[in-house]
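Each residue of the sequence shown is one higher than the one before, starting from 13 at the first, in UniProt numbering.
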Amino acid sequence: PRLFALVPCAGVGERAGAGGPKQYAPLAGRPLVGHTLAALAQVSRLSGVLVVLSPDDTQFEQVVPQTSAWVERVGGASRAASVANGLAALQARGAQPHDWVLVHDAARCLLRPEWVDHLIDACLDDEVGGLLALPLADTLKHEVDGRVDTTLDRGGKWQAQTPQMFRLGLLRPALVQAGDAVTDEASAVEALGHRPKLVRGALENFKITYPPDFELAARLLTSR
Ligand code: CTP
Ligand code: MG
Numbered sequence: 013p014r015l016f017a018l019v020p021c022a023g024v025g026e027r028a029g030a031g032g033p034k035q036y037a038p039l040a041g042r043p044l045v046g047h048t049l050a051a052l053a054q055v056s057r058l059s060g061v062l063v064v065l066s067p068d069d070t071q072f073e074q075v076v077p078q079t080s081a082w083v084e085r086v087g088g089a090s091r092a093a094s095v096a097n098g099l100a101a102l103q104a105r106g107a108q109p110h111d112w113v114l115v116h117d118a119a120r121c122l123l124r125p126e127w128v129d130h131l132i133d134a135c136l137d138d139e140v141g142g143l144l145a146l147p148l149a150d151t152l153k154h155e156v157d158g159r160v161d162t163t164l165d166r167g168g169k170w171q172a173q174t175p176q177m178f179r180l181g182l183l184r185p186a187l188v189q190a191g192d193a194v195t196d197e198a199s200a201v202e203a204l205g206h207r208p209k210l211v212r213g214a215l216e217n218f219k220i221t222y223p224p225d226f227e228l229a230a231r232l233l234t235s236r
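Following this line, the structure appears as structure tokens:
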């Protein structure tokens with residue numbers, strides 16, 4: 013089977029408050045998504061990288077003028093819809109059901125090619141596939157009416173990251189079935205009764221979500 017990366021890049025970046033889609037914010041001398049695509053371009057086992065843009069995106073080609081990635085303007089109202097539409101586009105470009113797809117958030121721009129290789133090594137012979145994730149570091153509280161109802165057991169709980177690696181033939185129907193609410197690929201696959209593999213990611217592989225994330229990411233990228 014071949015391996016492809018699919019990069020959902022069609023969000024509006026509301027929480028980041030960058031005055032536009034966060035994936036195009038300048039960061040350490042490049043638009044944010046430029047870092048993400050540069051890391052994926054160094055993963056030699058990938059046969060192709062497909063970027064999913066919003067249908068009314070006007071910025072990608074301007075700010076990322078040179079890229080070997082394929083671009084499709086099929087972004088949807090949710091991340092899940094953008095990924096599902098991207099998978100259809102990947103299939104139209106010749107990807108087969110048994111091929112692997114690594115879905116990676118455009119907004120996780122600190123990605124290192126080694127982490128992707130680590131995920132591929134861990135999942136290539138797996139029945140289901142898997143995802144980068146990290147054991148939870150903070151204590152977890154369940155809230156009722158603004159107060160702590162209970163403290164949950166942190167043991168055995170992981171925070172999901174991306175990339176998440178599944179076969180096209182499993183992931184596409186899983187996402188269609190799951191609908192707009194799922195926030196990652198694994199949960200759609202889990203809903204079909206499968207148990208994706210947890211592969212240790214990195215603290216640095218955080219997603220740019222809130223305003224302070226930009227400065228931290230810029231410092232880390234500059235110091236590399
Ligand atoms: N994404 C997408 N299509 C959507 C929503 C999100 O392709 N309809 C992408 C984003 O561009 C991002 C990734 O999915 O690369 C993770 O989503 P998130 O961090 O939630 O980004 P936004 O949805 O843009 O941010 P916010 O939720 O704060 O508006
Ligand atoms: Mg979002």
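Think of the CB as a built atom: it goes at the ideal place given N, C-alpha and C, for glycine as much as any other residue.
- Residue pairing for His154: DSSP places it in a beta bridge opposite Thr162.
- Between the region 153-169 and the region 192-211, the count of Cβ pairs shorter than 8 Å is below three; the stretches do not touch.
- Take Val61, set aside five residues on each side of it, and the residues of its chain with a beta-carbon closer than 6 Å to its own are Ala17, Leu52, Ala81, in chain order.
- Nearest neighbour of Val19 by Cα position, chosen from Gly106, Leu232, Leu131, Leu99, turns out to be Leu99.
- Taking 7 Å as the cut-off, one finds no heavy atom of ligand 1 near enough to the beta carbon of Lys169.
- Short of 6 Å from the beta carbon of Ala203, and not among the five residues preceding or following it, lie these beta carbons of its own chain, in chain order: Ala190.
- In the structure shown, the three-state DSSP call for Ser66 is coil.
- Cβ neighbours of Pro208 within its own chain (closer than 8 Å, five residues either side excluded): Val140, Gly141, Gly142, Leu143, Gln176, Phe178, Ala198, Val201, Glu202.
- In this structure, Leu49 lies near Val76, with their beta-carbon atoms less than 8 Å apart.
- Counting only the Cα atoms, Gly88 lies some 22 Å from Gly106.
- Going by DSSP, Gly98 is part of the alpha helix (DSSP H) stretching over 91-104.
- Within the same chain, Arg85 come within 6 Å of Pro67 by CB-CB distance, once the 5 residues on both sides are set aside.
- Counting the other Cβ atoms within 10 Å of the Cβ of Val211 gives 16 or more, which makes it buried.
- Rounded to whole angstroms, Leu15 and Asp69 show a C-alpha spacing of 27 Å.
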